[in-house]
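Inspection log for the structure reproduced underneath, given as structure tokens.
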Amino acid sequence: IEALQTETGRPGQLRRVLGLWQLSSIGLGGLIGVGIFVLTGVVAATQAGPAVSLSFVIAGVASGAAALCYAEFASMIPVAGSAYTYAYAVLGELVAWIIGWDLLLEYALVVAVVSIGWSGYLQALLRLFGVELPVWAQGAPGAGEGFRVDLFAMLGSLGVAGLLTLRIEWGARFNTAIVLIKVGAVLLVIAAAAPHIDPANFHPFMPFGFGGVVEGAAVVFFAVFGYDTLTTAAEESRDPQRDLPRAVLLSLAISLTLYIAMSLALTGIVRYDTLNNAAPVANAFAQIGMPWVTLIVSLAAVAGILSVMLAFLLACARIWFAMSRDGLLPAWFAVPHPRFATPYRPTLVAGALCALVAGFYPIREVAELVNIGTLSAFVVICLAVIALRRARPDAERWFKTPFVPFTPLIGIGFSLWLLSKLPTVAWERFVVWLALGLIVYFLYGRRHSRLGRLE
Numbered sequence: 028i029e030a031l032q033t034e035t036g037r038p039g040q041l042r043r044v045l046g047l048w049q050l051s052s053i054g055l056g057g058l059i060g061v062g063i064f065v066l067t068g069v070v071a072a073t074q075a076g077p078a079v080s081l082s083f084v085i086a087g088v089a090s091g092a093a094a095l096c097y098a099e100f101a102s103m104i105p106v107a108g109s110a111y112t113y114a115y116a117v118l119g120e121l122v123a124w125i126i127g128w129d130l131l132l133e134y135a136l137v138v139a140v141v142s143i144g145w146s147g148y149l150q151a152l153l154r155l156f157g158v159e160l161p162v163w164a165q166g167a168p169g170a171g172e173g174f175r176v177d178l179f180a181m182l183g184s185l186g187v188a189g190l191l192t193l194r195i196e197w198g199a200r201f202n203t204a205i206v207l208i209k210v211g212a213v214l215l216v217i218a219a220a221a222p223h224i225d226p227a228n229f230h231p232f233m234p235f236g237f238g239g240v241v242e243g244a245a246v247v248f249f250a251v252f253g254y255d256t257l258t259t260a261a262e263e264s265r266d267p268q269r270d271l272p273r274a275v276l277l278s279l280a281i282s283l284t285l286y287i288a289m290s291l292a293l294t295g296i297v298r299y300d301t302l303n304n305a306a307p308v309a310n311a312f313a314q315i316g317m318p319w320v321t322l323i324v325s326l327a328a329v330a331g332i333l334s335v336m337l338a339f340l341l342a343c344a345r346i347w348f349a350m351s352r353d354g355l356l357p358a359w360f361a362v363p364h365p366r367f368a369t370p371y372r373p374t375l376v377a378g379a380l381c382a383l384v385a386g387f388y389p390i391r392e393v394a395e396l397v398n399i400g401t402l403s404a405f406v407v408i409c410l411a412v413i414a415l416r417r418a419r420p421d422a423e424r425w426f427k428t429p430f431v432p433f434t435p436l437i438g439i440g441f442s443l444w445l446l447s448k449l450p451t452v453a454w455e456r457f458v459v460w461l462a463l464g465l466i467v468y469f470l471y472g473r474r475h476s477r478l479g480r481l482e
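The number in the numbering used here is simply the position in the sequence shown, starting from 1, with 27 added.
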């Protein structure tokens with residue numbers, strides 16, 4: 028830990044220019060996506076009813092337990108890499124490699140999948156103004172008749188990658204503006220719904236019982252992680268010991284509040300059993316004679332998804348950069364831009380790979396694989412907090428996770444339970460990716476790692 032801390036300020040480091048609100052905006056960019064306009068309605072209709080708000084509370088407690096563990100490590104080890112770096116410091120190189128390798132796939136797949144969703148919403152928005160792409164450019168082969176490439180998905184991935192190669196503060200300012208737009212749109216939708224809430228729609232509050240509420244929590248849990256993306260930018264924070272823990276908790280608290288408010292507003296204006304569709308918020312407002320909300324929802328979705336792309340590609344590039352600096356991947360990727368001091372090589376390579384996947388592959392079954400990577404990281408970070416408290420109780424901690432070991436155990440238990448709910452095919456793909464990663468590690472990483480050279 029001390030060795031990682033002393034690296035701060037050495038040549039090859041990234042520029043420390045991000046403040047609390049810019050870091051929080053990165054977290055909000057990863058947390059608030061199109062899920063706030065879809066999951067709230069679908070889970071209400073099929074699993075939790077109006078008690079979907081309680082599902083978000085349960086999921087928030089579980090995600091918050093992991094967030095507190097992230098906050099402790101972020102205050103101790105203010106360098107790039109997030110969960111990979113924390114595992115490297117506490118649990119060793121092999122565990123760190125496994126987590127880093129998993130997160131590279133997870134973050135890249137999130138960017139690719141979200142790029143496809145962003146393309147769909149952008150095309151829908153443009154159609155409202157009479158603008159439509161040629162059929163061949165509307166989607167990947169197999170996604171529809173006549174489709175050859177998802178042009179907007181490719182351009183979105185490449186555009187975000189290009190932005191992130193420039194000064195990090197430029198990308199952060201752009202992201203902050205986008206986050207303000209989508210949060211403003213969410214608040215506007217909630218305010219528009221408030222006068223039309225009918226208390227009768229909240230009865231029965233738990234039509235599927237408390238078991239349905241818990242099952243709903245398992246689904247919406249995936250809407251309340253994403254704050255880990257901001258911890259990958261630790262090396263670019265001006266005051267990481269103070270700002271990183273605050274940003275983690277602040278971004279989670281804001282997003283959770285918005286999710287709960289949206290779920291109460293949505294189930295208050297219409298019956299919960301009418302919300303099982305692809306656009307529950309837009310359709311609900313159409314039912315009460317306010318179709319203009321459709322335009323706001325589309326604008327918020329386009330802005331919201333774009334900020335998700337930015338947050339996760341930023342995280343992917345910085346974990347790649349950290350692994351390369353440790354020698355586990357080629358050192359060529361660990362060279363900051365000579366002018367902008369950004370990890371431009373992994374950013375551009377990852378952006379190009381995401382663009383190819385998003386443009387030419389109609390992804391349908393990758394969400395489960397993404398979830399495995401995130402939940403595995405949560406388990407490792409929570410375990411690492413417990414292990415480090417025992418091994419190094421003397422280490423300086425600017426932020427302490429409360430109620431250890433109970434708080435980390437809550438995060439571990441909920442994450443393992445969710446992992447057990449994932450389908451077999453997701454585990455099969457995960458094992459294949461893990462096996463490939465172990466081959467790379469033993470043939471390259473172990474031979475070239477900085478830790479191995481020190482030994």
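We put the beta carbon where it would ideally sit given N, CA and C, even for glycine.
Hey, residue i and residue j: beta-carbon distance below 8 Å or not?
{"i": "Ser-334", "j": "Val-247", "result": "no"}
{"i": "Ser-184", "j": "Ala-385", "result": "yes"}
{"i": "Leu-41", "j": "Glu-262", "result": "yes"}
{"i": "Asp-129", "j": "Gly-400", "result": "yes"}
{"i": "Cys-343", "j": "Ala-377", "result": "yes"}
{"i": "Gly-438", "j": "Ala-101", "result": "no"}
{"i": "Asp-336", "j": "Trp-163", "result": "Rather than Asp, the amino acid found at residue 336 in this sequence is Met. Contact flag unset, no."}
{"i": "Val-308", "j": "Phe-156", "result": "no"}
{"i": "Ala-72", "j": "Asp-300", "result": "yes"}
{"i": "Leu-326", "j": "Ala-180", "result": "no"}
{"i": "Leu-341", "j": "Trp-347", "result": "no"}
{"i": "Arg-424", "j": "Ser-264", "result": "no"}
{"i": "Leu-443", "j": "Ala-245", "result": "no"}
{"i": "Glu-120", "j": "Ser-476", "result": "yes"}
{"i": "Phe-201", "j": "Leu-190", "result": "yes"}
{"i": "Leu-81", "j": "Val-187", "result": "no"}
{"i": "Ala-114", "j": "Arg-345", "result": "no"}
{"i": "Val-141", "j": "Ile-332", "result": "yes"}
{"i": "Gly-46", "j": "Asp-270", "result": "yes"}
{"i": "Trp-48", "j": "Thr-203", "result": "yes"}
Please look up how many angstroms separate the CB atoms of residue i and residue j, rounded, as I've assumed it's under 8 Å.
{"i": "Val-329", "j": "Tyr-148", "result": "5 Å"}
{"i": "Ala-288", "j": "Ile-224", "result": "Rounded, the Cβ-Cβ distance is 11 Å, inconsistent with contact."}
{"i": "Ile-195", "j": "Thr-369", "result": "6 Å"}
{"i": "Ala-94", "j": "Tyr-254", "result": "6 Å"}
{"i": "Val-117", "j": "Leu-415", "result": "5 Å"}
{"i": "Leu-50", "j": "Ala-260", "result": "7 Å"}
{"i": "Ala-219", "j": "Val-297", "result": "Incorrect: roughly 13 Å between the Cβ atoms, too far for contact."}
{"i": "Gln-268", "j": "Pro-105", "result": "6 Å"}
If you run the structure through DSSP and keep just helix, strand and coil, what is residue i?
{"i": "Val-302", "result": "Looking at the sequence itself, residue 302 is Leu, so the reference to Val does not match. In the structure shown, Leu-302 sits in coil (DSSP, three-state: anything other than H, G, I, E or B)."}
{"i": "Ala-116", "result": "helix"}
{"i": "Ser-334", "result": "helix"}
{"i": "Ser-264", "result": "strand"}
{"i": "Leu-355", "result": "coil"}
{"i": "Leu-31", "result": "helix"}
{"i": "Asp-225", "result": "coil"}
{"i": "Asp-421", "result": "coil"}
{"i": "Leu-45", "result": "strand"}
{"i": "Gly-87", "result": "helix"}
Give me, in chain order, the residues of the same chain whose beta-carbon lies closer than 6 Å to that of residue i; leave out the 5 immediate sequence neighbours on both sides.
{"i": "Ala-338", "result": "Ile-53, Gly-56, Gly-57 and Thr-256"}
{"i": "Arg-366", "result": "none"}
Between residue i and residue j, what straight-line distance do the alpha-carbon atoms span, to the nearest angstrom?
{"i": "Leu-18", "j": "Gly-62", "result": "Summary: the structure shown does not reach residue 18, with the chain confined to residues 28 through 482, and so no result is reported for it."}
{"i": "Ala-227", "j": "Leu-291", "result": "13 Å"}
{"i": "Gly-166", "j": "Ala-379", "result": "17 Å"}
{"i": "Ala-98", "j": "Arg-154", "result": "43 Å"}
{"i": "Leu-178", "j": "Ala-382", "result": "9 Å"}
{"i": "Ala-274", "j": "Val-431", "result": "21 Å"}
{"i": "Phe-235", "j": "Gly-76", "result": "7 Å"}
{"i": "Glu-159", "j": "Gly-171", "result": "15 Å"}
{"i": "Pro-373", "j": "Val-407", "result": "25 Å"}
{"i": "Ala-418", "j": "Tyr-111", "result": "19 Å"}
{"i": "Trp-124", "j": "Arg-352", "result": "13 Å"}
{"i": "Pro-161", "j": "Leu-182", "result": "15 Å"}
{"i": "Asp-266", "j": "Leu-277", "result": "16 Å"}
{"i": "Ala-199", "j": "Ala-151", "result": "27 Å"}
{"i": "Phe-441", "j": "Leu-449", "result": "13 Å"}
{"i": "Ser-272", "j": "Phe-312", "result": "Contrary to the premise, residue 272 reads as Pro rather than Ser in this sequence. So the alpha carbons of these two residues sit roughly 38 Å apart."}
{"i": "Leu-470", "j": "Phe-387", "result": "31 Å"}
{"i": "Lys-209", "j": "Asp-421", "result": "43 Å"}
{"i": "Ala-461", "j": "Thr-428", "result": "Sequence inspection shows Leu at residue 461; the Ala mentioned does not correspond to that position. Their Cα atoms are separated by approximately 30 Å."}
{"i": "Leu-131", "j": "Trp-454", "result": "17 Å"}
{"i": "Gly-354", "j": "Met-103", "result": "22 Å"}
Leaving out five residues before and five after residue i in sequence, what residues of the same chain have Cβ atoms less than 8 Å from its Cβ?
{"i": "Val-251", "result": "Leu-58, Phe-83, Ala-86, Gly-87, Ser-90, Leu-279, Ser-282, Leu-283 and Tyr-286"}
{"i": "Asn-303", "result": "Gly-68, Val-69, Ala-72 and Thr-73"}
Give every residue of the same chain whose Cβ lies closer than 7 Å to the Cβ of residue i, excluding the five residues on either side of it in the sequence, and list them in chain order.
{"i": "Glu-242", "result": "Gln-74"}
{"i": "Pro-363", "result": "Gly-39, Leu-41, Thr-369 and Pro-370"}
The ligand FMN heavy atoms versus the CB of residue i: any closer than 7 Å?
{"i": "Val-431", "result": "Within the structure as shown, the ligand FMN is missing, as the structure has no ligands at all."}
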